[in-house]
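Step one of this worksheet: look at the structure below.
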Amino acid sequence: MIRRPPRSTPLYSSAASDVYKRQVSTQSTWDTRVAMSKLNMDFLREAIHNVYAERKERKFLETVELQVMLKDYDPQKDKRFAGSVRLPHVPRPKLKICVIGDAAHLEEAKKIEGIETKDLEGLRAFNRVKKDIKKWAKKYHVLLCTDSIVRQLTKVLGPILNKINRFPIAITHNESLAKKIDEVKSSVRFQLKKVLCMGTAVGNLELSEEQVRQNVTMSLNFLVSLLKKGWNNVKTVHIKSTMGKVERIYG
Numbered sequence: 094m095i096r097r098p099p100r101s102t103p104l105y106s107s108a109a110s111d112v113y114k115r116q117v118s119t120q121s122t123w124d125t126r127v128a129m130s131k132l133n134m135d136f137l138r139e140a141i142h143n144v145y146a147e148r149k150e151r152k153f154l155e156t157v158e159l160q161v162m163l164k165d166y167d168p169q170k171d172k173r174f175a176g177s178v179r180l181p182h183v184p185r186p187k188l189k190i191c192v193i194g195d196a197a198h199l200e201e202a203k204k205i206e207g208i209e210t211k212d213l214e215g216l217r218a219f220n221r222v223k224k225d226i227k228k229w230a231k232k233y234h235v236l237l238c239t240d241s242i243v244r245q246l247t248k249v250l251g252p253i254l255n256k257i258n259r260f261p262i263a264i265t266h267n268e269s270l271a272k273k274i275d276e277v278k279s280s281v282r283f284q285l286k287k288v289l290c291m292g293t294a295v296g297n298l299e300l301s302e303e304q305v306r307q308n309v310t311m312s313l314n315f316l317v318s319l320l321k322k323g324w325n326n327v328k329t330v331h332i333k334s335t336m337g338k339v340e341r342i343y344g
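If you want it as structure tokens, here you go:
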């Protein structure tokens with residue numbers, strides 16, 4: 094009998110066959126992959142300095158956004174990708190998070206400042222009314238949920254959370270909830286959908302310019318690692334603050 098060599102990539106279910114998902118574990122600090130970047134570090138530092146120089150006093154914390162335009166990619170034909178990377182510095186410290194938990198997780202969540210909670214009975218109170226569920230879920234950037242409750246969500250709420258891109262991240266009692274929340278706040282996600290423009294927050298104006306540079310470099314190099322032709326699939330890259338001018342850093 095002839096044995097086939099092992100596949101270099103895993104098989105996925107038919108429901109996700111059109112999406113190529115890659116999970117990459119990263120350390121809290123950037124490594125030697127920076128050397129592979131095609132970014133001009135002096136040019137990047139100047140662009141970040143311009144972002145900070147143009148900032149004005151606001152009543153809210155401005156984020157630093159990374160905007161990428163891809164090229165030579167056909168979202169209809171090429172495999173779509175999705176991946177997340179944890180950055181060394183938290184880009185969105187005020188990310189709104191709600192924990193859907195059992196008694197233990199709810200008690201743990203109450204000790205963490207700024208975290209709202211919901212129990213299973215609270216979800217049942219929606220009576221599967223899509224409008225009410227959507228209004229509630231849209232208040233948060235991320236939902237976290239005890240793993241044993243995740244299995245019941247579709248039965249209790251229906252498929253609405255999937256449709257509005259708010260399906261919760263499962264949490265277990267084997268990990269610290271505070272550390273999980275910190276990981277979520279530190280992570281950025283890239284996903285190819287129907288358009289070639291991609292954007293995400295990679296920093297905020299309370300970070301130092303050097304911290305933003307590290308986050309930008311790590312985010313962009315990670316995205317490039319997901320592309321089929323690497324940097325050859327990148328057309329242009331810009332950064333900007335929420336209310337600031339656009340600064341070109343590549344292309």
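Heads up, the sequence shown is in my numbering, so the first residue is 94 and it goes up one at a time. We put the CB at the ideal spot given by N, CA and C, even for glycine. Remember, predicted model here, so these are calculated numbers, not experimental data.
Collapsed DSSP secondary structure at Phe136 in the structure displayed: By one-based count along the sequence shown, residue 136 stands at place 43. Helix at Phe136.
Sorted by chain position, which residues of the same chain lie with C-beta nearer than 6 angstroms to Ala294's C-beta, five sequence neighbours on each side aside? Within the sequence shown, numbered from 1, the residue matching residue 294 stands at position 201. So the list reads Thr156, Glu158, Pro184 and Arg185, once near-sequence residues are dropped.
From Asp225 to His198, what distance separates their C-alpha atoms? Locating residue 225 in the sequence shown gives position 132, counting from the first residue. Locating residue 198 in the sequence shown gives position 105, counting from the first residue. Looking at the two C-alpha atoms, the distance is approximately 24 angstroms.
Terminal residues of the continuous beta strand (DSSP E) containing Val161? Along the sequence shown, one-based indexing puts residue 161 at 68. Element bounds for Val161: Thr156 to Leu163.
Here's the rule: buried if 16 or more other CB atoms are within 10 angstroms of the residue's CB, otherwise exposed. What is Val288? Along the sequence shown, one-based indexing puts residue 288 at 195. Flag for Val288 reads exposed.
Tell me which residues share the same chain as Val243 and place their Cβ nearer than 7 angstroms to its Cβ, disregarding the 5 neighbours each side in the sequence. In the sequence shown, residue 243 corresponds to position 150, counting from 1. Pro261 and Ala263, listed in sequence order.
In terms of residue numbering, what span does the alpha helix (DSSP H) encompassing Phe283 cover? Translated into positions along the sequence shown, residue 283 becomes position 190. Premise fails: Phe283 lies in the beta strand (DSSP E), Ser280 to Gln284, not in any alpha helix (DSSP H).
Where Met291 falls: helix, strand or coil (DSSP): On the sequence shown, residue 291 is found 198 positions in, with the first residue counted as 1. Under the three-state reduction of DSSP, Met291 is assigned to strand.
Do Phe174 and Leu313 have their CB atoms nearer than 8 angstroms? Counted from its first residue, the sequence shown places residue 174 at position 81. Counted from its first residue, the sequence shown places residue 313 at position 220. Remark: C-beta atoms of Phe174 and Leu313 do not approach each other more closely than 8 angstroms.
Please name the residue in Gln304, Leu246, Phe283 and Glu276 whose C-alpha comes closest to that of Leu188. Translated into positions along the sequence shown, residue 188 becomes position 95. It is Glu276 whose Cα lies nearest to the Cα of Leu188.
Please classify Thr247: is it buried, with 16 or more other beta-carbons within 10 angstroms of its beta-carbon, or exposed? Here residue 247 refers to the residue found at position 154 of the sequence shown. Here Thr247 is exposed. Its C-beta has fewer than 16 other C-beta atoms within 10 Å.
So does Ile193 have its beta carbon nearer than 7 angstroms to some heavy atom of the ligand ATP? This structure simply doesn't include the ligand ATP, nor any ligand for that matter.
Quick check on Gly337: does DSSP put it in helix, strand or coil? In the sequence shown, counting from the first residue as 1, residue 337 sits at position 244. Assigned with DSSP and collapsed to three states, Gly337 falls in coil, not helix or strand.
Pick helix, strand or coil for Thr329, following the three-state DSSP scheme. In the sequence shown, counting from the first residue as 1, residue 329 sits at position 236. Of the three classes helix, strand and coil, the one that applies to Thr329 here is strand, per DSSP.
With respect to the beta strand (DSSP E) encompassing Phe260, which residues constitute its N-terminal and C-terminal limits? As a position in the sequence shown, residue 260 is number 167, starting the count at 1. That residue, Phe260, is in no beta strand (DSSP E); it is neither H nor E in DSSP.
Going by beta carbon distance, what residues of the same chain come within less than 8 angstroms of Glu139, once the five residues before and after it are set aside? Within the sequence shown, the letter at position 46 stands for residue 139. No residues qualify anywhere along the chain.
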